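Residue numbers (the UniProt record's numbering), protein chains in the order written: chain W, 1 to 396; chain G, 1 to 396.
The beta carbon of each residue, even a glycine, is placed where N, CA and C say it ideally should be.
The model shown is predicted, which means the values in this text are computed figures rather than measured ones.
See below:
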């Protein structure tokens, strides 16, 4: 006999991206499919030193059970990091999590009852769709424009559905690469004040990775701190430590701690100590400058090649930071799933856009990652991909 | 205005134990409250070497994103470890998790719909009560006898309520220290065959820590592999790496992987590599022998002192392994919460038993941890605690 599984787990989409990653293990394939930071930039020696120092000085304390809230020194570092935006965060408002992905699970547990409305961007981060689906919400979406969400749509949703949450990635969004402008941030902040029942979640794994233009203040600055910020060490140090964080009003942190106790007691003590030690000894700004210099050149190579090679009618975003560009093909020409199969034959991979939509649309879109390939590889791979696009568009 | 939180998070109990740990940070207090492994036994130097070796050889690969299922080498080690019981486990049946606590969250997501029946032992592990409560089950319980669960109660529950899950800790249970006998395992295995709709979860963080008597086969051996085993590196290496695992039929693992993707993508790559490297270079059996020699002496000291000092009518378990003894006071003499307050005045701490019950009973019980104090400290602290018990019993 088979097992009696819950509806929630049966309805949760499997990560198509993680499935694609299996296909792209083939080293002959040029993959723009992943979302991997460039491993050549990992501060391996510095982490080696930090690990040694941690075990030499903190010893067993770094290997024992610890508090759910997280290592005090690391919470303080995170809180103080927001001062670069002129935003004041108390260390008690910071919860260390097992990657920022865990925040999505915890927030689902805190806020989403079956059939509650949750606003997502269109398209939206796949990991959030997965994590929230587990709690059976009703997703509603707002279109993303070049400078942020369509605010008429936002207000209409806030006014009618009493949504519990509005989840967004305002900087260099995954998958679209788009960023909210200052004007949209101000206007959205006002809307959120007007409809305080809806809690805004600002997921920001990429904000530090700006290689051109000016940094913007987080939405948190426009909501008077009555919203939630998520952050991650994955893109500014290494992802393999699985360390992220949530910043939220104390009332939310208190319950998130309870949810985290039940989920994994606490995040790795050792990894928290090692990262804290690393941050004490090294300038994160210098390290981030190295990353953005590299990703900036790679993004430029991608945009340059797309400008040169993309067939007529194909558009793409020109990201000012982050790790992704987003390509839109003319509508009605078939599904990018078919383009994916063509491209794999030509040894190039990307992520078809549909999984980032909750409404079954997005067939004519795809996501390209530029952080994990050299300029030469990008030029060559994107050229081949554009040839596949031509064949695909001509065939249909 | 306040936030609109879910019922599930408001109903989830906060860990009383973790709250107590805050009280017992006071170094003048002798604490038998925690569930901490003895940090003097942590293999700090060996882990230091393993961390260095990992970064020198695997380098960036140990710091990058990796598969949700876990590091293949570590999955293979875990699978092969079960051969000591003559049990065959395929590495594909192993999912690496962020502590074994995470397994409880994942299994809740896979199996528990609101109001589904779940069988727990009485008393039961608090972390499971917390993790499962999040999915709003109806808990039903079976009494624990010296040699395992009351099988009449088990059969009655299996026959009438179609419980989704039966969660148990058959070796050196937390909190009671009790272990299922071979006879009870056989009989329970038969019952589980007879009622295949109920999935048995065998949580076994302490099974390796047997300091006297014979090891028993896991229930998994009696269910023909149609049940779930949970395991942990926390008690046999270090808890601060947050690494545990689930062994289950492939159909369950497949969905658990989907739930884990949504929960935290994967567990720390680095920690998995370091533990795998450590296990390659060192005999875990030698290390476990050191731990059990130490815990065996500490348990003996606790039992000896309780035998000498405990007031008449007070009973306690004599564990053959693990980390806990369980004390039962005469009924109707008041709550161990009051005893707790008396004991704190005398600078001794323990965990009152009530949080381990889902039915509000257990007021006359308490849990003592012996793994984290020397024999001298145990003798002295338990003597003082027994004096508090006398005062408490005389006063009521």
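For this session: Let me know if residue 307 (chain G) comes out buried or exposed under the rule of 16 or more other beta-carbons within 10 Å of its beta-carbon.
Result: Counting Cβ neighbours within 10 Å, residue 307 (chain G) comes out exposed, since fewer than 16 surround it.
Problem set entry | With 16 other Cβ atoms within 10 Å as the buried cut-off, status of residue 290 (chain W) | Under a 10 Å Cβ-count criterion, residue 290 (chain W) is classified as exposed, with fewer than 16 other Cβ atoms of the shown protein chains found around its own Cβ.
Problem set entry | Distance, residue 84 (chain G) Cα to residue 184 (chain G) Cα | Using only the alpha carbons, I get a separation of about 21 Å.
For this session: Taking all protein chains shown into account, decide if residue 337 (chain W) is buried (16 or more other Cβ within 10 angstroms of its Cβ) or exposed.
Result: With fewer than 16 other beta carbons inside 10 angstroms of its own, residue 337 (chain W) counts as exposed.
For this session: Could you name the residues that DSSP lists as bridge partners for residue 117 (chain W)?
Result: Partner(s): W:138.
For this session: Pick helix, strand or coil for residue 31 (chain G), following the three-state DSSP scheme.
Result: Annotated three-state conformation of residue 31 (chain G) is strand, per DSSP.
Problem set entry | Strand pairing of residue 165 (chain W), partner residues [DSSP] | W:118 and W:199.
For this session: Using a Cβ-Cβ cut-off of less than 8 Å, list which residues of the region 60 to 73 of chain G approach chain W; keep chain order.
Result: Answer set for the region 60 to 73 of chain G: 60, 61, 62, 63, 64, 65, 66, 67 and 68.
For this session: Using three-state DSSP, classify residue 387 (chain G) as helix, strand or coil.
Result: Three-state DSSP puts residue 387 (chain G) in a helix.
For this session: Please classify residue 227 (chain G): is it buried, with 16 or more other beta-carbons within 10 angstroms of its beta-carbon, or exposed?
Result: Residue burial is scored here from C-beta neighbours: residue 227 (chain G) has at least 16 other C-beta atoms within 10 angstroms and is therefore classed as buried.
Exercise. With distances taken between CB atoms, is the gap from residue 203 (chain W) to residue 169 (chain W) smaller than 8 Å?
Worked result: In this structure, residue 169 (chain W) lies closer than 8 Å to residue 203 (chain W) by Cβ.
Exercise. Contact check, residue 240 (chain G) vs residue 268 (chain W) under 8 Å by CB: the rounded distance?
Worked result: About 6 Å; that satisfies the 8 Å criterion.
Problem set entry | Reference residue 196 (chain W), options W:180, W:225 and W:181, closest by Cα | The residue among W:180, W:225 and W:181 with its C-alpha nearest the C-alpha of residue 196 (chain W) is W:225.
For this session: Could you tell me which of G:2, G:78, G:17 and G:173 sits nearest to residue 243 (chain G), measuring between CA atoms?
Result: Among G:2, G:78, G:17 and G:173, the Cα nearest to that of residue 243 (chain G) belongs to G:78.
Problem set entry | Beta carbon proximity, residue 264 (chain W) to chain G, threshold 8 Å | So, interface residue.
For this session: From the DSSP output, read off the bridge partner residues of residue 351 (chain W).
Result: For residue 351 (chain W), which the question treats as bridged, DSSP gives the partners W:367.
Exercise. Can you list the beta strand (DSSP E) stretches of 3 or more residues lying completely in the region 303 to 342 of chain W, in chain order?
Worked result: Along the region 303 to 342 of chain W, the beta strand (DSSP E) occurs as fully enclosed runs of 3 or more residues at 324 to 328, listed in sequence order.
For this session: At 7 Å on the CB atoms, spell out the chain W contacts of residue 42 (chain G), in chain order.
Result: Residues of chain W passing the Cβ test: 60 and 63.
Exercise. Does residue 199 (chain G) come within less than 8 Å of chain W when only Cβ atoms are used?
Worked result: For residue 199 (chain G), the answer is yes, since a Cβ of chain W falls inside 8 Å of its Cβ.
For this session: Compare the Cα-Cα distances from residue 324 (chain W) to each of W:366, W:343 and W:360 and report the closest residue.
Result: Among W:366, W:343 and W:360, the Cα nearest to that of residue 324 (chain W) belongs to W:366.
Exercise. Are any of the Cβ atoms in chain G nearer than 8 Å to that of residue 240 (chain W)?
Worked result: Nearest CB-CB separation between residue 240 (chain W) and chain G: below the 8 Å threshold.
Exercise. Do the CB positions of residue 237 (chain G) and residue 43 (chain G) come within less than 8 Å of each other?
Worked result: Cβ distance < 8 Å, so residue 237 (chain G) and residue 43 (chain G) count as in contact.
Exercise. Under three-state DSSP, which class holds residue 381 (chain W)?
Worked result: Residue state, collapsed to three classes: helix.
Problem set entry | One or two residues paired with residue 231 (chain G) in a DSSP bridge | G:245, per the DSSP bridge assignment.
For this session: Run the proximity test for residue 84 (chain G): is its beta-carbon closer than 7 Å to any non-hydrogen atom belonging to the ligand ADP?
Result: Of ligands this structure carries none, so the ligand ADP is not represented either.
Problem set entry | CB contact below 8 Å: residue 258 (chain G) versus chain W | At least one CB of chain W lies nearer than 8 Å to the CB of residue 258 (chain G).
Problem set entry | Assigned secondary structure, residue 13 (chain W) (DSSP; H/G/I helix, E/B strand, else coil) | Reduced to three states, the DSSP call for residue 13 (chain W) is coil.
For this session: Name the one or two DSSP bridge partners that residue 99 (chain G) has.
Result: Within the DSSP secondary-structure output, residue 99 (chain G) pairs in no beta bridge.
Problem set entry | Any chain W beta carbon closer than 8 Å to residue 352 (chain G) | No, because no Cβ of chain W sits closer than 8 Å to the Cβ of residue 352 (chain G).
Exercise. Using CA coordinates, which residue listed in W:333, W:270, W:373 and W:357 is at the minimum distance from residue 394 (chain W)?
Worked result: It is W:333 whose Cα lies nearest to the Cα of residue 394 (chain W).
For this session: May I have the straight-line CA-CA distance separating residue 311 (chain G) from residue 384 (chain G), to the nearest angstrom?
Result: Cα to Cα, the separation comes out at about 12 Å.
Exercise. Starting from residue 130 (chain G) and walking both ways along the alpha helix (DSSP H), at which residues does that stretch end?
Worked result: Where residue 130 (chain G) is concerned, the enclosing alpha helix (DSSP H) stretches over 126 to 133.
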